[in-house]
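>
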Amino acid sequence: MNVLITGGTGFIGSALCNHLHQEGHRLIVKTRHPELVDSRMTAVSDLSELPAKDSIDAVINLAGESIAGKRWSAAQKQKIVASRIKTTEELIRFLEGLESKPSVLISASAIGVYGVGVTDDSIDESCTGDASFSSCLCAQWEACAMRAEGLGIRTCILRIGIVIGPGGGALAKMIPPFKLGLGGRIGSGKQWMSWIHLRDLISIIDLCITDMCFQGPINCTAPNPVTNREFTHVLGQCLKRPSRLPMPSFLVKLLLGEMGSELLLAGKQVRPAKLESLGFSFQFERLEPALLNVI
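Counted the way UniProt numbering counts, the sequence shown spans residues 1 to 295.
(1) In the DSSP assignment, find the unbroken beta strand (DSSP E) run with Trp141 in it and report its ends.
(2) Please return the same chain residues whose Cβ sits closer than 8 Å to the Cβ of Glu285, not counting the five positions on each side in sequence.
(3) Taking 8 Å as the threshold (C-beta atoms), are Leu263 and Ala43 in contact?
(4) At what residues does the alpha helix (DSSP H) containing Arg199 begin and finish?
(5) Relative to the C-alpha of Leu47, which candidate in Ser73, Ile205, Ile204, Ile28 has its C-alpha closest?
(6) On the criterion of 16 or more Cβ atoms from any shown chain inside 10 Å, does Gly169 qualify as buried, or is it exposed?
(7) Taking the C-alpha atoms as reference points, what is the distance between Arg40 and Glu96?
(8) Buried or exposed: where does Val118 fall if 16 or more other Cβ atoms within 10 Å of its Cβ makes it buried?
(9) Counting C-beta neighbours from all protein chains within 10 Å, is the total for Asp200 16 or more, i.e. buried, or is it exposed?
(10) Just to confirm the assignment: which complete beta strand (DSSP E) runs, minimum length 3, are found wholly within the region 166–197?
(11) Please list the segments of the alpha helix (DSSP H) lying wholly inside the UniProt domain "DUF1731" (247–293), counting only runs of 4 or more residues, in order along the chain.
(12) Verify whether the separation of the beta carbon atoms of Gly129 and Gly115 is less than 8 Å.
(13) Measure the alpha-carbon distance for Gln269 versus Glu89 and round it to whole angstroms.
(14) In terms of residues, what are the limits of the beta strand (DSSP E) holding Cys127?
(15) DSSP state of Ser55, grouped into three classes?
(16) Here's the rule: buried if 16 or more other CB atoms are within 10 angstroms of the residue's CB, otherwise exposed. What is Pro102?
(17) In terms of DSSP beta bridges, what is Arg154 paired with?
(18) Quick one: measure Cβ to Cβ for Leu198 and Ala145, integer angstroms, because I've assumed they're closer than 8 Å.
(19) With DSSP collapsed to three states, give me the class of Leu62.
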C-alpha cells in the first residue's frame, strides 16, 4: 500500500516506518526534517509536493511537539497546540483535494483526553474529559481529525498511553536516575499509569490500516494499568536498583508547574475496552515482561 505518515521521525513514527517498510508498504513521510528519513522512503517537507492525482491508500498522523519536552509556558503551550492542530488541519485540506481518497486516516491522540480528576474508576472510550490543558488539547485534536469522516474516510483515533519501547519515550527519561539509585514514586504514587509496549502499539496501527472494524476512538493501553508506586517498584526490580527515593508533590509542582501536575501527579486507569471487544491479542499484557523486554 501507499502510506502517508506525518511525524515519521519521532519515537513512535520511526519504529512504525521501519515496520511498515519491512511489511512491503511504500512510505511517504511528511516531516520538517527530510534529512532524517531513510533513503528507502520518500520524504517531503510540505504536502503541496504531492500531486492531487497521486494514489494514497492510508494516512497516519503522528505529528506533534513533545508535550513533556519543556515546562508549559504560555508560548510552549501555544507551540504544542499549533503543532498538532495546524498539521492536522493541513492534512484534512490535503485529503479534501485528493481525486482518490485514502481508505483510512489513523490519527494520534492521548489518554490525556480523559482529564486529570482523581478517580480509581475504570475509564473506557465512552468517558469524557475536563477543562485541563491536556484534555482540551486532545479533544480539539481529535475533533479536527474526525472531519475526515465527512470525506468518506474511515477514521481511527489512537488514544495512546505511556509507550514503553527502546530508544525513547518516557522510559528513556526514567531509567538514568533509577540506575543511579535515585528512583522512586512521584507524589503519593497512587496516580495510575496506563501504559503500552511499542510493539503492541505498532500492531494496533497495522490492524487499523486494513481492518474495517477499527474505527473512532481506540484506547491504546495494555489491559493491566498500574499505579505510579507499582510502576516505579517494578522498574527498580528490573534494573536491580532501589526505588525508595520519592519525589514530593510540592517539588514536582515547583520544578515543572502545570506540566508536572497534569503529566506526573495525575493519571487514570484507562482500559482498552474497544481492543478487547475486537479480540486484539496483546504481546505484553503485564508491566514486568514489557520492561524486561526493553531493558
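Every residue, glycine too, gets a C-beta built ideally from N, C-alpha and C. A quick note: this is a predicted structure, and the numbers were derived from the prediction, not measured.
According to the data block:
(1) That residue, Trp141, is in no beta strand (DSSP E); its alpha helix (DSSP H) goes 133–145.
(2) Same-chain partners within the cutoff: Ala222, Pro223, Asn224.
(3) no
(4) 198–210
(5) Ile28
(6) buried
(7) 28 Å
(8) exposed
(9) buried
(10) 195–197
(11) Counting only runs of 4 or more, we get 249–263, 273–277.
(12) yes
(13) 31 Å
(14) Where Cys127 is concerned, there is no enclosing beta strand (DSSP E), given that its DSSP letter is neither H nor E.
(15) coil
(16) buried
(17) Val104
(18) Their Cβ separation, rounded to whole angstroms, is 22 Å, which puts Leu198 and Ala145 out of contact at 8 Å.
(19) coil
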